[in-house]
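In our numbering, the protein residues as written are 131 to 653.
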């Protein structure tokens with residue numbers, strides 16, 4: 131019975147075309163081989179599993195293929211097959227981690243001056259070359275400086291900074307970058323098709339993300355996932371295998387924060403604790419989810435959006451997303467200093483809840499809120515408003531601006547944020563029409579519109595429907611008015627301080643300077 135060959139070895143590239151994610155380096159190597167511009171020493175650096183040793187072995191085949199020296203070795207001749215099987219006589223592959231002594235290096239280089247016995251070149255492949263001792267590097271320097279024409283040196287390392295500068299200067303260095311998640315996921319899909327494995331693309335995305343840019347790690351995780359899932363690869367099973375936090379659990383945290391519901395938040399945290407999750411990883415994945423939400427809110431039209439992200443982007447304001455992300459960063463940084471990871475995670479979420487002043491509101495009445503397409507707002511954002519208390523059918527009208535009316539509605543949190551970015555265009559006995567800039571569209575949710583509608587209905591003591599229309603126009607909103615007034619007050623305060631006689635005396639006496647950033651208004 132033949133033994134099973136792991137995917138990382140079975141799918142190890144044998145040609146340059148099989149290597150993924152390293153196109154600039156491949157282009158340089160292919161051109162050098164085709165043009166016969168071959169350097170005597172190459173240094174491949176990069177993180178684990180990105181193809182350093184694989185590239186070196188392919189170069190050894192390119193140099194010694196019986197057909198010709200080219201970037202496309204035949205792969206079928208005796209030399210190519212011997213290199214693939216690790217038994218080519220003129221390929222000296224050394225693990226520097228186990229042969230660090232100078233005696234080992236001298237023994238390796240003793241026969242370098244003799245011509246190759248089987249191939250066209252003698253190829254010395256030294257893996258983890260940074261592990262060599264200082265004396266070993268010294269023994270290597272002379273050979274690297276004036277190598278025989280038939281000798282090529284290929285070095286691989288994960289820590290090029292540990293190599294002496296004298297060695298680096300004698301090599302052509304290529305730094306292999308980590309593989310992008312999308313590229314790695316596509317590679318896993320190709321392998322699953324070839325291996326006839328049923329999979330969910332999102333499950334492979336999880337594996338690619340967990341591999342941290344390493345192809346070897348991704349294939350090892352895929353091997354593990356196939357054994358774990360048996361029939362097919364699903365997101366749920368892969369997340370369980372990796373110990374990842376299900377996205378639905380993270381979404382429950384954000385929904386509770388959006389509703390400012392402390393009880394729901396604690397219940398969601400308790401559910402995570404019952405699953406024995408890694409809370410450091412949970413914060414990292416929460417940051418990733420917040421990042422995706424922010425992208426949706428910023429470039430929604432050009433980003434593929436699933437229903438969960440679309441819903442969260444509508445529930446959370448962009449300001450809250452940025453605030454939560456920064457708090458998650460700080461919470462993750464401080465996690466090692468907390469009494470327990472669960473306590474630190476819980477306090478981070480409670481801090482997110484505490485930093486927003488919105489309180490839980492009573493359920494809204496069953497009224498209909500309409501979200502319509504963009505419409506041109508009226509020029510004058512003033513309305514004819516009937517008094518709240520009427521003893522007869524006769525009404526008295528007064529002209530009131532939205533900026534004056536808004537503070538009386540006692541709106542809070544997200545509803546207040548939406549209202550302050552709106553302009554009131556028209557108010558009738560049964561309907562209020564607003565305009566909202568299109569870049570604030572993620573804030574426009576049915577729940578928030580219903581809260582504004584309820585507040586207006588209670589203020590005027592009659593049922594009103596709210597119609598918020600999107601527009602590209604530059605609106606003069608209560609928020610802009612508030613910022614303008616605040617700027618004017620700050621300018622006035624700055625002028626008073628700079629003209630104050632006591633301040634002038636301090637400036638003259640001590641050579642002081644008034645720092646504008648430290649000036650605050652008293653109201």
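Glycine residues also receive a C-beta, built at the ideal position from the N, C-alpha and C atoms. Everything numeric in this text was worked out from a predicted model, so none of it was measured.
If you draw a straight line from the Cα of residue 567 to the Cα of residue 372, it comes to about 43 Å.
When DSSP reads this structure, residue 173 sits in a beta bridge with 285, 303.
Non-local beta-carbon contacts of residue 137 in its own chain, meaning distances under 7 Å to residues more than five positions away in sequence, involve 321, 349, 352, 353 in chain order.
Apart from the 5 residues on each side of it in sequence, residue 574 sits with its Cβ closer than 8 Å to the Cβ of 444, 501, 548, 566, 598, 600 in its chain, given in chain order. Apart from sequence neighbours up to five positions away, the residues of its chain that approach residue 452 with a beta-carbon distance below 8 Å are 424, ordered along the chain. Excluding residues up to 5 positions away in sequence, 288, 344, 346, 347 lie with their Cβ nearer than 8 Å to the Cβ of residue 178 in the same chain. Under the three-state reduction of DSSP output, residue 231 falls in the coil class, being neither helix nor strand. Judged by DSSP secondary structure, residue 556 falls within the beta strand (DSSP E) whose first and last residues are 552–557. The alpha-carbon separation between residue 382 and residue 560 amounts to approximately 37 Å.
As far as DSSP is concerned, residue 606 takes part in no beta bridge. Residue environment analysis places residue 357 among the exposed positions, since fewer than 16 neighbouring C-beta atoms fall within 10 angstroms of its C-beta. Nearest Cα to residue 588 within the set 634, 539, 252, 175: 539. For residue 460, the enclosing alpha helix (DSSP H) stretches over residues 448–464. By the neighbour-count criterion, in which 16 or more other beta carbons inside 10 Å mark a residue as buried, residue 552 falls on the buried side. Proximity of the region 223–233 to the region 252–260 meets the contact definition, three or more beta-carbon pairs being nearer than 8 Å.
DSSP places residue 470 outside any alpha helix (DSSP H), giving it a letter other than H or E. Nearest C-alpha to residue 388 among 485, 274, 640, 376: 485.
Per DSSP, reduced to three states, the secondary structure at residue 596 is strand.
Contact check for residue 368 and residue 333: beta-carbon distance about 4 Å, within the 8 Å limit, so the pair qualifies. Judged by their CB atoms, residue 210 and residue 191 are nearer to each other than the 8 Å cut-off. Within its own chain, the residues whose Cβ lies closer than 6 Å to the Cβ of residue 239, once the five positions on either side in sequence are excluded, are 273, listed in chain order.
Its Cα nearest to that of residue 374, the residue 418 stands out among 418, 474, 385.
Within the same chain, no residue comes within 6 Å of residue 460 by CB-CB distance, once the 5 residues on both sides are set aside.
Taking the C-beta atoms as reference points, residue 247 is found nearer than 8 Å to residue 219. Its Cα nearest to that of residue 212, the residue 188 stands out among 199, 230, 188, 234. As a beta-bridge residue in DSSP terms, residue 566 pairs with 552, 600.
Counting C-beta atoms within 10 angstroms of its own C-beta, residue 397 has fewer than 16 neighbours from the protein chains shown and is therefore classed as exposed.
For the pair residue 409 and residue 471, the CB atoms are nearer than the 8 Å cut-off. In this structure, residue 200 lies near residue 163, with their beta-carbon atoms less than 8 Å apart.
When secondary structure is reduced to three states using DSSP, residue 535 falls in the helix class. 8 Å or more divides the Cβ of residue 428 from the Cβ of residue 458.
Close CB contacts of residue 376 within its chain, under the 6 Å cut and outside five residues either way in sequence, are with 369 (chain order). Between residue 550 and residue 608, the beta carbon gap of about 5 Å places them in contact (Cβ cut-off 8 Å). Taking the Cα positions, residue 536 is about 22 Å away from residue 446. Straight-line spacing of the CA atoms in residue 253 and residue 412 works out to 47 Å. For a cut-off of 8 Å, the C-beta gap from residue 455 to residue 421 is around 7 Å, short enough to register as a contact.
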